[in-house]
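In our numbering, the protein residues as written are 132 to 272.
Even for Gly, the Cβ is constructed at its ideal location relative to N, Cα and C.
Computed from a prediction, not measured in an experiment: that's the story for all the values here.
Here it is in structure tokens:
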């Protein structure tokens, strides 16, 4: 019997509220990560494992990480998520070449990471459509 792989995964807190959704968009070969509300450090680690699992299951070329409605210190979270070990895990687990982080409009904008040969290209945006447009221009499909 063949296992059916779902192209999405939802994470809920103890109150049944969804705090993260992972969705693979096959036509764009993109993993879409949407954060809502708050999450504990343990919950974020659980999502990180889920992200790496989806990257191994599906042929992802890019990630869009939307933290516009995530209130658990998005800047601190992004600092963690773009830490070199995380980049290495994503790169080792997948064919991802670009990551677009979508921040709340009032969040401080981190500098785009300088790209070294073989590394991921990472950009920051305050509008989801700008992030999508940038990823589409990369011709990653």
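DSSP three-state call for residue i: helix, strand or coil?
i, result
"residue 144", "coil"
"residue 162", "strand"
"residue 181", "helix"
"residue 149", "strand"
"residue 220", "helix"
"residue 261", "helix"
"residue 268", "helix"
"residue 132", "Annotation note: pLDDT 49 at residue 132 (below 50); position unreliable, coordinate value reported separately. Coil, per DSSP."
So residue i packs on residue j, CB below 8 angstroms; how close in whole Å?
i, j, result
"residue 251", "residue 227", "6 angstroms"
"residue 257", "residue 236", "5 angstroms"
Buried or exposed: where does residue i fall if 16 or more other Cβ atoms within 10 Å of its Cβ makes it buried?
i, result
"residue 196", "buried"
"residue 161", "buried"
"residue 225", "buried"
"residue 163", "buried"
"residue 146", "exposed"
"residue 155", "buried"
"residue 262", "buried"
How far does the beta strand (DSSP E) with residue i in it extend, from its first residue to its last?
i, result
"residue 256", "252-256"
"residue 191", "No beta strand (DSSP E) contains residue 191, which DSSP labels as neither H nor E."
"residue 233", "229-233"
Alpha carbons only, please: which of the options is nearest the one belonging to residue i?
i, options, result
"residue 144", "173, 193, 259", "173"
"residue 180", "201, 141, 169", "141"
"residue 238", "202, 187, 183, 185", "202"
"residue 184", "153, 236, 158, 159", "153"
"residue 167", "159, 235, 150, 175", "150"
"residue 229", "189, 148, 255", "255"
"residue 264", "222, 198, 193", "193"
"residue 249", "219, 235, 266, 231", "219"
"residue 175", "190, 198, 247, 260", "198"
"residue 266", "236, 231, 242", "231"
"residue 188", "241, 253, 136", "136"
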